[in-house]
Every structure is written in structure tokens, then in C-alpha cells.
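Before any comments, here is the structure.
Numbering (our numbering), first residue to last: 159 to 613.
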């Protein structure tokens, strides 16, 4: 698209566009303005408009409008959807891509679905029912049924003629799947291979038989890993009888990766899963955060109790208190560093559960090395400011022990969670920091008791 056309489109947002919408021929004008724009560009230009205006634009743009609609977040989709007539709702659902459609239907109120579901065409209705049966987080829940498949006994020329007819209704035709009469997956050919093959060659002569595929109940994380490892644009999904039931395209895999990364990041920060910060209520976000904070406050109460238990050592040498924040803070930071590395490694598959002892011994060594360096700095600080060898030795030994314990715990806890079938990201930074806080105080005062009291 030319720069002149793009500049012409942008100023229409606001009063100019609303003026066009107020005219009788607004649909024709909108098609002219947005004709050369990609659906995402149109979405970016109109996303801040009132829902009623967005609905009018989507209706005016026909099939392109439906593609624009699919870019909106679910909550905004619902607001726009409610602006349509019942018939327009039905038309929109029938034309949406199968995977986006079923995700959206799940978000709609049950009474609305019951109202419009009988009006949807039988084929689309059956497709929605089929996709709704798959659990969230599985391959079946993110697949589309709009794939191209051909039998093995036709020629390349026949296959190309067939593809010309069905291509407009398929999600992608780069991979063409070869199936028998019972839809069992036999192989695949790429569009490139069809174009360069001899017209009279049979599909079974040129198809790839060694296939990488996923099953409907495989986790979406497993799907994303396979697509990433094999650099696929799409991957076939089969049932337990090896019948082809759908495909998962790379754009859906990217959505899965983004969602998983977002959930892991929020879980690691102990802030609760928030899908749309600006749309979610203040009370809703507060409820999600407070659960973790309640757990952490009780953990901190334990830290206070440990300090109270060692009040005698504090009274004997008040300077011990000066180093408590340093040890707790450095322990928490060291634990967060190692847990971040391990959680990310588990997510990418670089680290396996079987690496438990390898991780353990490696983190012990890392903790000792880092602890010695930080311990020497702490020893120097104690000697320069307090001039007390006993305090310096206490801080030196405590720093080594605390950092070693923190790096080891930060690495081992996520792996342990993974072994138990739990999300490693639940070993959040704040949680590890709070646990290390207790451990560091226990270690510090135990070493102080031995060194200072027994010196």
C-alpha cells in the first residue's frame, strides 16, 4: 500500500470517520478507504472507537470485516457482537475461522448461544459441537478443521484442480494431507512439490510418509514444541485411530506460546493470572493478588519468630542486626536468579526432570563460588566499620551458606514441582525470596552462636 493511501486512512479515525458512518452510502465509502489495508491495520485504526461504530464498519467490510473482528480481545468482541442483529450474529459465526469461532462461543452467555445456535448452518453447528468437546489446553481445543486433504490415487493435475476449488475455504493449502476413504492420515505433500511435479504423477508416488503429528489430547505446549523443533507452518492432528481431524497452524502456536509465557511470568511474580489488565476490575485483580500475599505474610511471620528466638545473640552483639537485610536480600536475589533460569529451561525443554542431581551439584558449586566473593565483601565491611573479627567471620561464613542454600533451593524447587505434575512457575520469585529469608536468618544466627558465643 502506498504511503499516500495510509496517510489518508489515519485521519479518518474520529470525527471524519463518524461523519462517513452517518451517511447512507457509508458502506461503499468504507470499502474504498480500507480496500488496500490489511485486517490488522484496520483493527489498529478502529479499536478505540465505540462498539456500535466498530460493528457498523465490520458489517460494511464483509468477509474482511470478519477477519478484523477476530483481532479484538474476547471482552471487546462480546461488546461488538451485542451490537449486531440476530441474523448478523449468525452470519458472523458461520464465517469465522473454526478455532476462533469455538473460542468465542465459549465466552458467550449460555442463553445467547441457545438462542442463536439453531439458526447456524448445520455444517458449522456440527463443527462447533465437535471442537467444544476438547479440553482447554489440548491440541483439539486450538485446531482448525479447515484443511486440504486428497486421496493417494489421484494425479498431480487432479490434485491442483481440486485445490483451486477449495482453497478459498481452507486455512492454509501449503501442506496438503493425503488420507484414505476413512480419513486416516497416510502422508502429505507441499504445494511447492505439487507445482514442480509431473502432472501425470500419482500423489502416492511423491507424498511424504514419515509424518510428525499430534493427537487431539496432547497438550498445547507439546504441540508448540513440535512446531518449533520442526519449523512447521502447520501440524496435523489425529484421533486415536489415526484419522485426521484437524490441523494447527503456526499463528495459533504463537498465541499458545504467548499465553503460556504470560501465565508463567504472572505466576512467577505471584500476581495472579490477569488476561486484560485495563478491562479487569480493581476488585478482581486485588482478589488474585491477595491470595499469594496472604501466604507470603504468614511466611514472613515465621521470619519474625526466628528473630525472636535469637534475641539473645542480638543483645550480645547488636551489630549482627546490621547484616540481616544484606543476607536476606542477597539470598532472595540469588534464589530468584537460579529459579528463573531453571523455570525457563523446563519451559523450553532444555532442562529435563531427570537432570535433578546434575542441577543440584551445579548450583551448589555456583553458590559456593558466588558466596565466597560476596562473603569476602561482607567480611571487609564488618572489619572496616565494626572492626570485629568475630563478626567478619560470621558474615563471611553466613554469606557462603546462605547463597549456596538459595541457589540450590531456587533451582531444585521448580524441578520438584515439575516431578509432582505441578507448574514450576508456581515457585514464584516472592515465594522463594520469603523461604530463603527464613533459611538465611536461621543460618546466620546459628553460625553467630557458634562463632561469637564460642570464640
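Each residue gets a CB set at the ideal place from its N, CA and C atoms; glycine is no exception.
Fair warning: this is a prediction, and the values are worked out from it, not measured in the lab.
Find out if the Cβ-Cβ distance for the pair residue i, residue j is shorter than 9 Å.
i: residue 207; j: residue 236; result: no
i: residue 370; j: residue 406; result: no
i: residue 252; j: residue 282; result: yes
i: residue 374; j: residue 296; result: yes
i: residue 300; j: residue 378; result: yes
i: residue 278; j: residue 248; result: yes
i: residue 317; j: residue 335; result: no
i: residue 549; j: residue 610; result: yes
i: residue 460; j: residue 582; result: no
i: residue 603; j: residue 536; result: no
i: residue 559; j: residue 594; result: no
i: residue 343; j: residue 332; result: no
i: residue 309; j: residue 361; result: yes
i: residue 275; j: residue 239; result: no
i: residue 497; j: residue 571; result: yes
i: residue 414; j: residue 395; result: no
i: residue 194; j: residue 204; result: no
i: residue 200; j: residue 215; result: yes
i: residue 254; j: residue 228; result: yes
i: residue 557; j: residue 527; result: no
i: residue 304; j: residue 329; result: yes
i: residue 538; j: residue 561; result: no
i: residue 345; j: residue 322; result: no
I think residue i touches residue j, with their Cβ atoms under 8 Å apart; what is that distance to the nearest whole Å?
i: residue 385; j: residue 347; result: Contact flag wrong, Cβ pair sits at about 19 Å.
i: residue 466; j: residue 592; result: At roughly 17 Å, the Cβ-Cβ gap does not stay under 8 Å, so residue 466 and residue 592 are not in contact.
i: residue 540; j: residue 553; result: 5 Å
i: residue 289; j: residue 341; result: Their Cβ separation, rounded to whole angstroms, is 16 Å, which puts residue 289 and residue 341 out of contact at 8 Å.
i: residue 555; j: residue 464; result: Rounded, the Cβ-Cβ distance is 18 Å, inconsistent with contact.
i: residue 565; j: residue 493; result: 7 Å
i: residue 576; j: residue 504; result: 6 Å
i: residue 573; j: residue 517; result: 6 Å
i: residue 544; j: residue 477; result: 5 Å
i: residue 209; j: residue 241; result: 5 Å
i: residue 226; j: residue 197; result: 5 Å
i: residue 507; j: residue 383; result: 6 Å
To which residues does DSSP link residue i through a beta bridge?
i: residue 321; result: Answer by DSSP bridge pairing: none, since residue 321 is not bridged.
i: residue 394; result: 405
i: residue 296; result: 377
i: residue 334; result: 347
i: residue 360; result: 313
i: residue 302; result: 405
i: residue 601; result: BP columns for residue 601 are empty, so no partner.
i: residue 274; result: DSSP, once it has assigned bridges, lists no residue as partnering residue 274.
i: residue 372; result: 395
i: residue 308; result: 336
i: residue 342; result: 401
Counting along the chain, where does the beta strand (DSSP E) carrying residue i start and finish?
i: residue 503; result: From DSSP, residue 503 is part of no beta strand (DSSP E) but of the alpha helix (DSSP H) over 482 to 506.
Span of the alpha helix (DSSP H) holding residue i?
i: residue 186; result: 184 to 192
i: residue 198; result: 197 to 204
i: residue 514; result: 514 to 543
i: residue 572; result: 547 to 577
i: residue 256; result: 256 to 265
i: residue 247; result: 244 to 253
i: residue 280; result: 280 to 290
i: residue 220; result: First-last for residue 220: undefined, no H or E at that position.
i: residue 234; result: 232 to 239
Report yes or no: is there a C-beta of chain D within less than 9 Å of the C-beta of residue i?
i: residue 528; result: Absent from the structure: chain D. Only one protein chain is present.
For this session: State whether the segment 176 to 193 contacts the segment 207 to 225, with contact taken as three or more CB pairs (one from each stretch) at a distance under 8 Å.
Result: These segments touch.
Problem set entry | At least 3 beta-carbon pairs within less than 8 Å: the segment 475 to 491 vs the segment 517 to 524 | Touching, no.
Exercise. So, do the segment 412 to 420 and the segment 436 to 450 have three or more beta carbon pairs nearer to each other than 8 Å?
Worked result: Under the 8 Å Cβ criterion, the segment 412 to 420 does not count as touching the segment 436 to 450, having fewer than three qualifying pairs.
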